[in-house]
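Novice:
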Amino acid sequence: MSNLRIATIIGARPQFVKAAPLSLEIANTAGIEEISIHTGQHYDANMSDVFFSDLALPRPAYNLGISGGSHGKMTGEMLAAIETILTEQAPDAVLVYGDTNSTLAGGLAAAKLNIPVIHVEAGLRSFNRKMPEEINRVMVDHVSALLFCPTSTSVENLAREGITKGVHQVGDLMFDATLTLTPIAEEQSKLLEELDLSPSGYCAATLHRADNTASPEAIEKALRYMVQHSDGKEVVIPLHPRTRHAAERFNISVERDGIRVVEPLGYIDMIKLAKNAALIFTDSGGLQKEAYFHGVPCVTLRSETEWIETVTSGWNRLWSEGSYAPRTDIAEYGDGSSAKTIVNIIKDWSA
Ligand code: UD1
Numbered sequence: 003m004s005n006l007r008i009a010t011i012i013g014a015r016p017q018f019v020k021a022a023p024l025s026l027e028i029a030n031t032a033g034i035e036e037i038s039i040h041t042g043q044h045y046d047a048n049m050s051d052v053f054f055s056d057l058a059l060p061r062p063a064y065n066l067g068i069s070g071g072s073h074g075k076m077t078g079e080m081l082a083a084i085e086t087i088l089t090e091q092a093p094d095a096v097l098v099y100g101d102t103n104s105t106l107a108g109g110l111a112a113a114k115l116n117i118p119v120i121h122v123e124a125g126l127r128s129f130n131r132k133m134p135e136e137i138n139r140v141m142v143d144h145v146s147a148l149l150f151c152p153t154s155t156s157v158e159n160l161a162r163e164g165i166t167k168g169v170h171q172v173g174d175l176m177f178d179a180t181l182t183l184t185p186i187a188e189e190q191s192k193l194l195e196e197l198d199l200s201p202s203g204y205c206a207a208t209l210h211r212a213d214n215t216a217s218p219e220a221i222e223k224a225l226r227y228m229v230q231h232s233d234g235k236e237v238v239i240p241l242h243p244r245t246r247h248a249a250e251r252f253n254i255s256v257e258r259d260g261i262r263v264v265e266p267l268g269y270i271d272m273i274k275l276a277k278n279a280a281l282i283f284t285d286s287g288g289l290q291k292e293a294y295f296h297g298v299p300c301v302t303l304r305s306e307t308e309w310i311e312t313v314t315s316g317w318n319r320l321w322s323e324g325s326y327a328p329r330t331d332i333a334e335y336g337d338g339s340s341a342k343t344i345v346n347i348i349k350d351w352s353a
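In structure tokens form, the structure reads like this:
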């Protein structure tokens, strides 16, 4: 019997992290092969290349080099370019991760060619349709044949929208990656020495969402909030290019008393920074979970989150909420074997 051929679409940092355990599992499984397509959405060396080396992720077969511009332009260009490759390659399925514009372009290109779509990290909802990511994830869930949900909440969200077929709760792939890479980061990363930081002596932060970077007031609000809630500790922020560009445009200095700006970090250094922080401030989805994986409390700089269990378990709070819920463990993220579970289900589905 011939191999099951899966085309995987990646493009942004969190997708490289999620792809690392799953691509490895696919490579180690007989009867299934992967064609990896990088859209180019993230392209700076420290936003893309460093993740491939840190994560030992194989180089993609294609890099489309599409990034920036309006969401419609970016997504449209990706859609056309992915369609060309899928037509040539005729894979048996297309696998997409999460909720970025690359996810939407890949899902839509496949669906229009009647190629089954596999959505990893399906069913997440912020219930805020103003977020570009919410539009992307809703659209992709509705054209997917196989939907891999991390949590019971994400399964319920899909059921509420009438999606029950092909839905599997499989835990969190990012937890797989964290378990593998944290010991490596602890041993190999010299970041704390390089930045002269001591464990629990600082707060770590990321800030890049459209909502938080759209105006000078929004950026100032987030920066002031972090300084006020850091318990006097320095806030170290690896600055996303979106935020850097926005701050330059608005003539705002992000670096100030209480805030230290560093370049975007590779994944090994980011784990080191997050794991040793006293507190994490973030508007990223992945880092809210990673804070929990590392046992570090988190404040989410948004008025809602799709990772609701991080809040109900008392490890995370929205900045609009004054206090944390009582602390409990989150069992649903699994035991680090999500990649294996996903590959087994894909094999059964295709048989
Ligand atoms: C995207 C995702 C978001 C995800 C994030 C992870 C969408 C709608 N959003 O947001 O869900 O949390 O990735 O980081 O897809 N830029 C550079 N260099 C780079 C990458 C980006 O300069 O390597 C610039 C782009 O040119 C653009 C801006 O940063 O002007 C934003 O990048 P973009 O990929 O549009 O969105 P993100 O904010 O990264």
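If you count by this note's numbering, then the sequence shown holds residues 3 to 353, one letter each, in order. The beta-carbon is built from N, C-alpha and C at its ideal position, and this holds for glycine as well.
1. Would residue 296 pass as a contact of residue 276 if the rule is Cβ separation under 9 Å?
2. In this structure, how does DSSP classify residue 170 when only helix, strand and coil are distinguished?
3. Could you say which of 230, 286, 336 lies nearest to residue 318 if we only look at CA atoms?
4. Mark residue 230 as exposed unless 16 or more other C-beta atoms lie within 10 angstroms of its C-beta, in which case mark it buried.
5. For the ligand UD1, is there a heavy atom less than 8 Å away from the beta-carbon of residue 40?
6. Look up residue 119 in the DSSP assignment and say whether it is helix, strand or coil.
7. Who are the near neighbours of residue 35 in its chain, counting only those whose CB is closer than 6 Å to its CB and skipping five residues on each side?
8. Am I right that residue 335 and residue 152 are in contact with their C-beta atoms under 8 Å? What's the rounded C-beta distance?
9. Per the contact definition of three or more C-beta pairs closer than 8 Å, is the stretch 172-183 in contact with the stretch 195-207?
10. Cβ of residue 99 versus every heavy atom of the ligand UD1: is any distance shorter than 8 Å?
11. Would you list, in sequence order, the uninterrupted alpha helix (DSSP H) runs of no fewer than 4 residues that lie entirely inside the stretch 65-143?
12. Taking three-plus beta-carbon pairs below 8 Å as touching, is the stretch 291-307 in contact with the stretch 206-217?
13. Sort out for me which residues DSSP pairs residue 40 with in a bridge.
14. Ignoring anything shorter than 3 residues, give me the beta strand (DSSP E) runs that lie fully in the stretch 181-240, in order along the chain.
15. Quick check on residue 279: buried or exposed, where buried means 16 or more other Cβ atoms within 10 Å of its Cβ?
16. Examine the ligand UD1 and report whether any of its heavy atoms sits within less than 8 Å of the Cβ of residue 214.
17. Along the alpha helix (DSSP H) that carries residue 344, what are the first and last residues, could you check?
18. Taking the beta strand (DSSP E) that residue 264 belongs to, which residues open and close that run?
19. Grouping DSSP H, G and I as helix and E and B as strand, with all else coil, what is residue 318?
20. Who pairs with residue 256 in a beta bridge, going by DSSP?
21. Look at the alpha carbon of residue 292 and the alpha carbon of residue 176, and state the distance between them as a whole number of angstroms.
22. Measure the alpha-carbon distance for residue 38 versus residue 234 and round it to whole angstroms.
23. Just mark residue 350 as buried or exposed, buried being the case when its beta carbon has 16 or more other beta carbons within 10 Å.
24. Can you find a heavy atom of the ligand UD1 that lies under 8 Å from the Cβ of residue 141?
25. Apart from the five residues on each side of it in sequence, which residues of its chain come closer than 6 Å, Cβ to Cβ, to residue 22?
26. How about residue 44: is its Cβ closer than 8 Å to a heavy atom in the ligand UD1?
27. Could you tell me whether the stretch 166-174 touches the stretch 242-261, using the rule of 3 or more Cβ pairs below 8 Å?
28. For residue 63, which residues of its own chain have a beta-carbon under 8 Å away from its beta-carbon, when the five flanking residues on both sides are left out?
29. What are the boundary residues of the beta strand (DSSP E) that residue 155 is part of?
30. Could you tell me which residues DSSP pairs with residue 307 in its beta bridges?
31. Provide the residue span of the alpha helix (DSSP H) that contains residue 289, from first to last.
Specialist: For this structure:
1. For this step, residue 296 is matched to residue 294 along the sequence shown. For this step, residue 276 is matched to residue 274 along the sequence shown. Yes.
2. Start at 1 with the first residue of the sequence shown, and residue 170 comes out as number 168. Look at residue 170 here: in three-state DSSP terms it is strand.
3. In the sequence shown, residue 318 corresponds to position 316, counting from 1. Among 230, 286, 336, the Cα nearest to that of residue 318 belongs to 286.
4. Within the sequence shown, numbered from 1, the residue matching residue 230 stands at position 228. Here residue 230 is exposed. Its C-beta has fewer than 16 other C-beta atoms within 10 Å.
5. One-based indexing of the sequence shown puts residue 40 at position 38. Shortest gap from the CB of residue 40 to any heavy atom of the ligand UD1: 8 Å or more.
6. Sequence index remark: in the sequence shown, residue 119 carries index 117 (1-based). Annotated three-state conformation of residue 119 is strand, per DSSP.
7. Counting from 1 along the sequence shown, the entry for residue 35 is found at position 33. By the criterion of a C-beta distance shorter than 6 Å, residue 35 is surrounded in its chain by 5, 7, once the five residues flanking it on both sides are discounted.
8. On the sequence shown, position 333 is the one that residue 335 refers to. On the sequence shown, position 150 is the one that residue 152 refers to. Going by Cβ atoms, the distance from residue 335 to residue 152 rounds to 7 Å, so yes, they are a contact pair.
9. Short answer: they don't touch.
10. The residue given as residue 99 occupies position 97 in the sequence shown. No, the beta carbon of residue 99 sits no closer than 8 Å to any heavy atom of the ligand UD1.
11. For the stretch 65-143, whole alpha helix (DSSP H) runs of length 4 or above, ordered along the chain, are 73-91, 103-114.
12. Verdict: yes, contact present.
13. Here residue 40 is taken as the residue at index 38 of the sequence shown, counted from 1. Looking at the DSSP assignment, residue 40 forms a beta bridge with 12, 65.
14. The DSSP assignment places complete beta strand (DSSP E) segments of no fewer than 3 residues inside the stretch 181-240 at 204-208, 236-240, in order along the chain.
15. Start at 1 with the first residue of the sequence shown, and residue 279 comes out as number 277. The Cβ neighbour count for residue 279, taken over all protein chains shown within 10 Å, is at least 16; the residue is labelled buried.
16. Start at 1 with the first residue of the sequence shown, and residue 214 comes out as number 212. Not under cutoff, so the answer is no.
17. Residue mapping note: residue 344 aligns to position 342 of the sequence shown, counting from 1. In this chain, the alpha helix (DSSP H) harbouring residue 344 covers 340-352.
18. In the sequence shown, the residue the question calls residue 264 occupies position 262. Judged by DSSP secondary structure, residue 264 falls within the beta strand (DSSP E) whose first and last residues are 261-264.
19. Translated into positions along the sequence shown, residue 318 becomes position 316. Residue 318 falls in the strand class under three-state DSSP.
20. For the purposes of this step, residue 256 is identified with residue 254 of the sequence shown, where counting begins at 1. DSSP, once it has assigned bridges, lists no residue as partnering residue 256.
21. Within the sequence shown, numbered from 1, the residue matching residue 292 stands at position 290. Within the sequence shown, numbered from 1, the residue matching residue 176 stands at position 174. Rounded to whole angstroms, the gap between the alpha carbons of residue 292 and residue 176 is 8 Å.
22. Taking the sequence shown and counting its residues from 1, the one referred to as residue 38 is at position 36. Taking the sequence shown and counting its residues from 1, the one referred to as residue 234 is at position 232. Inter-residue distance for residue 38 and residue 234 is about 45 Å (C-alpha atoms, whole angstroms).
23. For this step, residue 350 is matched to residue 348 along the sequence shown. Label assigned to residue 350: exposed.
24. As a first step, residue 141 is located in the sequence shown; it is residue number 139 there, counting from the start. Annotation for residue 141 indicates a beta carbon at 8 Å or more from all heavy atoms of the ligand UD1.
25. Here residue 22 corresponds to residue number 20 of the sequence shown, with the count starting at 1. Counting only Cβ-Cβ distances below 6 Å, and skipping sequence neighbours, we find 57, 59, 179.
26. Indexing the sequence shown from 1 puts residue 44 at position 42. Yes, Cβ of residue 44 sits closer than 8 Å to a heavy atom of the ligand UD1.
27. The stretch 166-174, when compared against the stretch 242-261, does not touch it at the 8 Å Cβ threshold.
28. Walking along the sequence shown from the start, residue 63 turns up at place 61. Cβ-Cβ distances below 8 Å link residue 63 to 37, 38, 39 in the same chain, with the five nearest sequence neighbours on each side left out; the list follows chain order.
29. Working through the sequence shown from its first residue, we reach residue 155 at position 153. Run containing residue 155: none in the beta strand (DSSP E); it sits in the alpha helix (DSSP H), 154-162.
30. Along the sequence shown, one-based indexing puts residue 307 at 305. Residue 307 is not bridged to any residue.
31. Taking the sequence shown and counting its residues from 1, one reaches residue 289 at position 287. It spans 287-295 - the alpha helix (DSSP H) in which residue 289 sits, taken as one unbroken run.
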